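Novice: Residue numbers (mature numbering (1 follows the signal peptide of the UniProt record, and there is no 0)): -20 to -1, 1 to 210.
My questions all concern the structure below.
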Amino acid sequence: MKKVLLSVAAMVAFGFAGHAQVSFIPKAGITFSNVAVKEKEDNQKSNLAMVAGFGINLPISEDGFFSVQPELLYIQKGVKYEEDGNYIKTSFNHIELPVLAKVSFGSDAFKAYVNAGPSFAYNMGGKTTLKFNDEKESMKLRFADKEDTDEISYIDPEYSNRTDFGVQFGGGLGFQAGPGMLLLDVRYGLGLTNFEKTPEKLPVGVTKEDYKSQNRVVAISIGYAIPLGN
């Protein structure tokens, strides 16, 4: 799978290379994630986690004003409930594929940009951690129709969505640093898929809104745009 992705990226990059400068962008940063539900509780907080991966910036216009940037990311999303110093937090590991339209302004030495586009994420499982007083316990989260063990809690895929379609938008700044450009990126991810599947036939007195459980993520990352080709 990795070889296929790299081959596609290389072919696309060379296809655009004659048109304008193509860049490879490794990046890493932090995320502040939460879950949108019908009624948010007062003790529901953002969960601090991480994001890392890379993107390929493919200029469409000759001056690089407009470009397309597909990315492959490892990103953690979740939620935290905290009260009186005690908490329970859940964090899921995702492989995410955003494809962003990007508009850049500025000179070769300094740029500002905005971006937006759709994204697709796949949930690989995660971990939930409970802290009460001075004691802390963690349990792995996995997707399977199995009985829980002392170390693993299983989530039945029949009732939960592992895939998440969404949109992302944000912006950032770029500073010339050596042969490439140092990038500071701030982005908001809006999940459109409920984690809990909505049954075809709803129970009496229950609406689809009661099943709302969508990811919301603010990601702050630092990247380095490495020019490819000429």
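Beta carbons: idealized from backbone N, C-alpha and C, even for Gly.
In this text, all values refer to a predicted model and were calculated from it rather than measured experimentally.
(1) Give every residue of the same chain whose Cβ lies closer than 6 angstroms to the Cβ of Glu63, excluding the five residues on either side of it in the sequence, and list them in chain order.
(2) Identify the residues that DSSP records as bridge partners of Ala191: which are they?
(3) Count the other C-beta atoms from every protein chain shown that fall within 10 angstroms of the C-beta of Asn174, then say buried if there are 16 or more, exposed otherwise.
(4) Does residue 221 come out as helix, strand or coil in the three-state DSSP assignment?
(5) Looking at Arg196 and the ligand ATP, is the gap between the Cβ and the nearest heavy atom below 6 angstroms?
(6) Mapping the DSSP letters down to three states, classify Tyr204 as helix, strand or coil.
(7) Would you mind stating whether Ser118 and Lys107 have Cβ atoms separated by less than 7 angstroms?
(8) Kindly indicate the opening and closing residues of the beta strand (DSSP E) around Gln18.
(9) Which residues in the same chain as Tyr204 place their Cβ atom closer than 8 angstroms to its Cβ, once the five residues preceding and following it in sequence are excluded?
(10) In the DSSP assignment, what are the bridge partners of Asp130?
(11) With a threshold of 8 angstroms, are at least 3 pairs of Cβ atoms found where one atom belongs to the region 9 to 25 and the other to the region 56 to 74?
(12) What three-state label does DSSP hand Asp136 in the structure shown?
(13) Among Asn27, Ala89, Asp136 and Asp144, whose alpha-carbon lies nearest the alpha-carbon of Arg122?
Specialist: According to the structure shown:
(1) Asn23
(2) Before going on, a small fix: residue 191 reads as Tyr here, not Ala. None, per the DSSP bridge assignment.
(3) buried
(4) The requested residue 221 does not occur in the structure, where the chain is confined to residues -20 to 210.
(5) Absence of the ligand ATP from the depicted structure is noted, as is the absence of any ligand whatsoever, leaving it without description.
(6) strand
(7) yes
(8) The sequence shown places Lys at residue 18, rather than the Gln named in the question. Element bounds for Lys18: n/a, residue is neither H nor E.
(9) Ile5, Pro6, Lys7, Ala157, Gly160, Met161, Leu162 and Leu163
(10) Answer is none; Asp130 lacks a bridge partner.
(11) yes
(12) coil
(13) Asp136
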